[in-house]
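Q: Can you read through this structure? Questions will come right after.
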Amino acid sequence: MRRGLTISGINVLAILLMAFTFAVWPLSAPVMADSSQVIDDSTTPEILTDTLSELSSDSAVVSASDIMSDKPAQNDSVFRTDRLNALVLMILFSIVILVYTKWAREGKRLFIRKISGLDEVEEAVGRATEMGKPVLFIPGIQEIDEIETIAGISILGRVARMTASYDTPLLVPVRYPMVLAAGQEVVEQAYIEAGNPDSYNRDIVRYVAGEQFAFTATVNGMMMRERPATNIYMGAFFAESLLLAETGNAAGSIQIAGTAQPAQLPFFVAACDYTLMGEELYAASAYLSHEPLLLGGLKGQDWMKILLIILIVIGIILASFGFGDWYFSLFESM
Amino acid sequence: MKTTVPIIIAFLSGFVMILAFFVSPESVTFGNFELEPEVLSWVTIVGGFTLLLGVVSIVRVNYNAVKRRNDGWVYKLATLISVFAMAIPAVIPNGLSPLFGTGPGSIYDWLFNYLDAPMMSTMFAMLAFYIASAAFRAFRTRNTEATLLLVTAVLVMLWRIPMGEIMLKSIHESIPGLINTYIMNGANMAVQRGIIIGAALGAAAMSLRIMLGIERTYMGK
Amino acid sequence: MNLVDFLQIWIIAFFTLSLFSFLYKDNPFYKIAEHIFAGLSAGYYVGLIWHSVIIQQMIDPMLNNDKWWLVFPGLLGVLMFSRFSKRFSWISRMSLAFVMGNTAGIFLLSELHGKVLPQIQSTMMSLNPGQGFADFLLALVIVVGVLSTLIYFYFSKEHKGALGKAAKVGIWMIMISFGAHFGYTVMARISLLIGRVQFLIDDWCGSIIQLF
Amino acid sequence: MNLWLILAYVLLIAAGIFLLYKAFKSGDRRFIYLAVAFYVIFPVLITLHLPIEISPEVRQLYKAVESLPDSATVLLTFDYYPSTLAETEPMSRGALHHLFRKHCRIVTMTTVPLGGPSIAERVTRNLAEEYGKVYGIDFVNLGYKANYVAVLKGMGSSIETIYPTDNSGTPLSDIPIMKDIKSYSDMDFIYVVSDNGIVDYWMSIVNAQYDIRVGTGVTAVMAPRFYAYLQAGQMTGMLGGMKGAADYEMLVNQPGTATKGMTAQSLVHLFIILSVIAGNVVFIIEKKRKRQGAKV
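Chains as they are written, first to last, in my numbering: chain A, 11 to 344; chain B, 9 to 229; chain C, -18 to 193; chain D, 45 to 340.
In structure tokens:
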């Protein structure tokens, strides 16, 4: 269903509405008169230039001196000129993300580097096959609406395809019914695609309900009983990360983890053989699934990162030579 | 209808916030009705109901387990009884008796302070044991990265305790200060900043997609 | 110490020890405590939402301040429960969309305005060696740390050549930061245990001593 | 120092090494659990008084509060779950000691549904009694409202719309202290004590958009992350974990549970460091042996 609406539909309408409001609102304010601040058009991809030019000619009509002056008294104008930098950033950001998402949907080839952890996953599944022992996969302990869980499920699809083609047993304990449904669907699909639907059974993905630590205790028991050769943790993990990784370590399994929870990453790094950190998890799932939303978002964010790096480097150079106060004030947020 | 209306609602409700960010509060006040805080208070009200959804789920799951006499149904029954023991006295107005309601001295308050809170603290206190045994068994200097991590961890653990601080100082007076400046406020700070910026971009992208109705995972799509 | 205090302390101690008994092995005491705990927490929400949301935020203002429009959020809230029906669960999307959209609207700006802008602004540090060695070194560590972390999480190019070297520095920096995280987390977990032991020793053992 | 005390601690260390050895031999982690229990229980019984060096970010927060004018208005939050009471409650108590002593007007609130309002009531009333402060005049508990992002944002334009009443249901218009506190602009400082991700939003939403200083007390799990906000000036001082709480207790001269806990904290840290080192020595020796075995 996600492909039902395209950017040309309701989204453009929404952007136009936004643009219109920001174009009309400040016009009613007496302060906005002179104009000089223009958004750099050269960095703008062509698709939404219309919207942008509409914005840059009407709403962003504040001189640079306005931005730098002390906080403009809020009562004077309806539009808060001290927040113009946020507006520019937001519009630029939106355009970049939307354009990349559109390109991703059109099937344009967008390059993402291979995440090295994914090779490790393949190797680890291979090892489990050699040893004739199962692979354990946990897609985190959060609901399906958490993007980390979604990323975990999409990596599960890939792992399931490997285990299906090697005929290696797979165990996937989950904590929520919704995750159960999604996981079963993905795994079944993988077994069909790998041409081994007979090996699929519904117990591969199993529901282990309960409180956080009750879930962990059950999974730990599973590890000690079934002695999986490979444990893969991909998704949102919290305090249980350490318990899982330690038990897996004690059971002698190869372990690969991925999470965006910064507080849990150190434990995975210390106790697992390979760890996907933070955004690497999303990148891995985008790489595998080629889901336009993930891919477009990732590429858009990459573009922004380069822009930010350039802005920072310019700032550092200016600061090192002792000038550039006007430049720093462009980034003032308070 | 089933998807378009929610998308329009999501857009408008987000758009109000963006609008309110850029304009002065007076320009979005209509008599008694201040647009921004009013919409936000609506959100907090709806958010409150969301919490109740979880309670209904718990009751349903446990009730079914008890009805079917599943494994360990006695425990589920204990959960059910606890839910009602906490909830029923709380919703009765405390005008009838100080035992009702949620104020000091009520059953609700007592159950929280003497059962729920200590148990919740204990659940997390157990992690101390796990972390110690994990440190002992799992943390190995298997490569450069893990070594770097462990060395920093040991330094920080020493630096954060009075005994360790004395030890570090006995090696050289300035070591605790150096850890604070170059590890915590230097390397650690810089990495956290990089992560914060990356995560902020990710969250903003997600928000944009939700507002524009491109991202519909939350609708179960 | 009166009898009520004494009993209260013993109840807390009983459940605390029941939960700790899990460390030895799983047992019925742990299970019953865990399930009671789950139930009480759920029950807590009911009392809380009933008073602080339904009565204080909706019913009172509607009756006393003529805020009749608060009927709408109430309705949206009730519609949430349509989730439990297969046929009508789509109705709950309206309420969810309202909340999600609003949060998204706040985040879209606050993440860019309140995080990205100030964070990049404060990274623009002077790398002029004239400012004294200590300051220069710190600024260098920070600048290298931020840029190499951003580069490590850049996915549009293979990590080869100069980019690869920067990413390598990035991963070392990240490991140092994770080490600090690790040390702090150990500290946190132990603190929580200390809290419980303080209760067991000071209050519970104290109450036993008072018996004699 | 007392000779018996030294002897006791030497015995304790010996016991720890013995248990570590047993754990190695048998591979049973319960020996480690036992050692940890020893190292926590013993110092709680017999506390050593160790000198505490105060961290700069704690001093920064203390100074920020200290420099507030008398009878300044401070928003103090109880954004934590009961699970982290051991770390966070001493912070709240330290903050309340400091603020009550300075005769600040205190508005408390919580964004944590499980326990937040009950903890806030218990802790504030307890200390208010000690300082003879009156509810409604010197302090007020706003209680809990759902969806914290909206709560934080909404209080920026109108507290009364988000919180029509205080925690116990009294309309805000009937509470004297709230007469001239309508939004963040009527407050001088925000003191956040929290154990979850909400702290980020106190910076990115409230500090950035409403230009009010925010100081925080956070659990140690979260503390390393916030150095980025401290350096950027978005956060004014921070208490990190039980050590931060102990530092603050020292500064306000009210040693409490956090200060007392520092001895146990020290011993367990040392034990963990010892076990990490021992584990790695064994690991390296085994690796060498394997390599030699391969050669033969």
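All residues carry an ideal CB built from backbone N, CA and C; glycine is no exception. These numbers come from a predicted model, not from an experiment.
Give a yes or no on whether the minimum CB-CB distance between Pro112(B) and chain D is below 8 angstroms.
A: Interface residue, yes.
Q: Note the first and the last residue of the continuous alpha helix (DSSP H) segment covering Gln200(B).
A: 197 to 219 is the extent of the alpha helix (DSSP H) around Gln200(B).
Q: Compare the C-alpha of Leu303(A) against each of Val109(A), Asn95(A), Leu94(A) and name the closest.
A: The shortest C-alpha separation from Leu303(A) is found at Val109(A).
Q: Roughly how many angstroms separate the alpha carbons of Ile196(D) and Tyr245(D), rounded to a whole number?
A: The identity of residue 196(D) in the sequence shown is Leu, whereas the question assumes Ile. Rounded to whole angstroms, Leu196(D) to Tyr245(D) spans 8 angstroms at the Cα level.
Q: What number of angstroms, rounded off, separates the C-alpha of Leu131(C) from the C-alpha of Arg201(B)?
A: Distance between the alpha carbons of Leu131(C) and Arg201(B): 9 angstroms.
Q: So, helix, strand or coil for Leu93(C), using DSSP?
A: In this structure, Leu93(C) counts as helix in the three-state DSSP scheme.
Q: Excluding the five sequence neighbours on either side, which residues of its own chain have a C-beta within less than 7 angstroms of the C-beta of Thr53(A), listed in chain order?
A: Any reading at Thr53(A) must be qualified, since the residue scores a pLDDT of 35, below 50, and its modelled position is unreliable; no value is offered.
Q: Excluding the five sequence neighbours on either side, which residues of its own chain have a C-beta within less than 8 angstroms of the C-beta of Thr160(B), listed in chain order?
A: Counting only Cβ-Cβ distances below 8 angstroms, and skipping sequence neighbours, we find Ile191.
Q: Identify the continuous alpha helix (DSSP H) that holds Asn241(A) and give its terminal residues.
A: Careful: Asn241(A) lies outside any alpha helix (DSSP H), inside the beta strand (DSSP E) at 240 to 244.
Q: Tell me the DSSP secondary structure of Asp123(D) in three-state form.
A: It is a strand residue.
Q: Quick check: the Cα distance between Arg216(A) and Gln199(A), rounded to an integer number of angstroms?
A: Spanning the two alpha carbons is a distance of roughly 16 angstroms.
Q: Taking DSSP as the reference, what is the three-state secondary structure of Met81(C)?
A: Met81(C) falls in the helix class under three-state DSSP.
Q: In the DSSP assignment, find the unbroken alpha helix (DSSP H) run with Asn230(A) in it and report its ends.
A: Looking at the DSSP string, the run of the alpha helix (DSSP H) that includes Asn230(A) is 222 to 236.
Q: For the beta strand (DSSP E) holding Ser238(D), just list the boundary residues, first then last.
A: Start and end: 233 to 238.
Q: Around the Cβ of Ser343(A), are there at least 16 other Cβ atoms within 10 angstroms (buried) or fewer (exposed)?
A: Per the 10 Å Cβ criterion, buried.
Q: Does the segment 131 to 147 of chain D come close enough to the segment 252 to 265 of chain D that 3 or more CB-CB pairs lie under 8 angstroms?
A: At 8 angstroms Cβ cutoff, the stretches touch.
Q: Can you tell me whether DSSP reads Val48(A) as helix, strand or coil?
A: At Val48(A), the pLDDT of 34 sits below 50, so the modelled position is not reliable; the number obtained from the coordinates is stated separately. Coil.
Q: Return the first residue and the last residue of the alpha helix (DSSP H) that Gly20(C) is part of.
A: That run of the alpha helix (DSSP H) goes 9 to 29.
Q: When DSSP labels each residue in this structure, what does Gly268(A) get in the three-state scheme?
A: Three-state DSSP puts Gly268(A) in a strand.
Q: For the segment 177 to 208 of chain B, which residues have a beta carbon sitting closer than 7 angstroms to at least one beta carbon of chain C?
A: Those residues of the segment 177 to 208 of chain B that come within reach of chain C (Cβ to Cβ, closer than 7 angstroms) are Thr189, Tyr190, Ile191, Met192, Gly194, Ala195, Asn196, Met197, Ala198, Val199, Gln200, Arg201, Gly202, Ile203, Ile204, Ile205, Gly206, Ala208.
Q: Count the CB pairs spanning the segment 124 to 134 of chain A and the segment 146 to 154 of chain C that are closer than 8 angstroms, and state whether there are at least three.
A: Judged by Cβ distances under 8 angstroms, the segment 124 to 134 of chain A makes no contact with the segment 146 to 154 of chain C, as fewer than three pairs qualify.
Q: Go through the segment 167 to 201 of chain D residue by residue and report every complete run of the alpha helix (DSSP H) that reaches 4 residues or more, in order.
A: Listed in chain order, the complete alpha helix (DSSP H) runs (minimum 4 residues) inside the segment 167 to 201 of chain D are 192 to 201.
Q: Taking DSSP as the reference, what is the three-state secondary structure of Arg76(B)?
A: Three-state DSSP puts Arg76(B) in coil, outside helix and strand.
Q: Considering just the uninterrupted stretch of the beta strand (DSSP E) at Val145(A), what are its terminal residues?
A: That run of the beta strand (DSSP E) goes 145 to 148.
Q: So is Glu42(B) buried or exposed if we call it buried at 16+ other beta carbons inside 10 Å?
A: That one is buried.
Q: Establish whether the CB of Leu128(C) and some CB of chain A are separated by less than 8 angstroms.
A: So yes, Leu128(C) belongs to the interface.
Q: Is there at least one Cβ from chain C nearer than 8 angstroms to Arg74(D)'s Cβ?
A: Yes, because at least one Cβ of chain C sits closer than 8 angstroms to the Cβ of Arg74(D).
Q: With a CB to CB cut of under 8 angstroms and the five nearest residues on each side skipped, what residues in its chain are close to Met43(C)?
A: The residues are Trp49, Leu51, Val52.
Q: Count Cβ pairs between the segment 60 to 71 of chain D and the segment 279 to 299 of chain D that sit closer than 8 angstroms; are there 3 or more?
A: Touching, no.
Q: Tell me the rounded alpha-carbon separation between Leu328(A) and Phe114(C).
A: Straight-line Cα distance between these residues: approximately 19 angstroms.
Q: Does any residue of chain C have a CB that is nearer than 8 angstroms to the CB of Ser238(D)?
A: Not closer than 8 angstroms to any Cβ of chain C, the Cβ of Ser238(D) fails to qualify, so no.
Q: Could you work out which residues of chain C lie near Glu289(A), taking near to mean beta carbons separated by less than 8 angstroms?
A: Ordered by position in chain C, the residues that pass the 8 angstroms Cβ test against Glu289(A) are Phe134, Phe136.
Q: Do Ile326(A) and Met106(C) have their CB atoms nearer than 8 angstroms?
A: Taking 8 angstroms as the Cβ cut-off, Ile326(A) and Met106(C) qualify as a contacting pair.
Q: Below 8 angstroms on C-beta distance, what does His16(C) contact in chain B?
A: Going along chain B in sequence order, the residues near His16(C) (Cβ under 8 angstroms) are Tyr83, Lys84, Ala86, Thr87, Ser90.
Q: In the DSSP output, what is Phe41(B) paired with across the bridge?
A: Per DSSP, Phe38(B).
Q: Look up Tyr217(A) in the DSSP assignment and say whether it is helix, strand or coil.
A: Strand, per DSSP.
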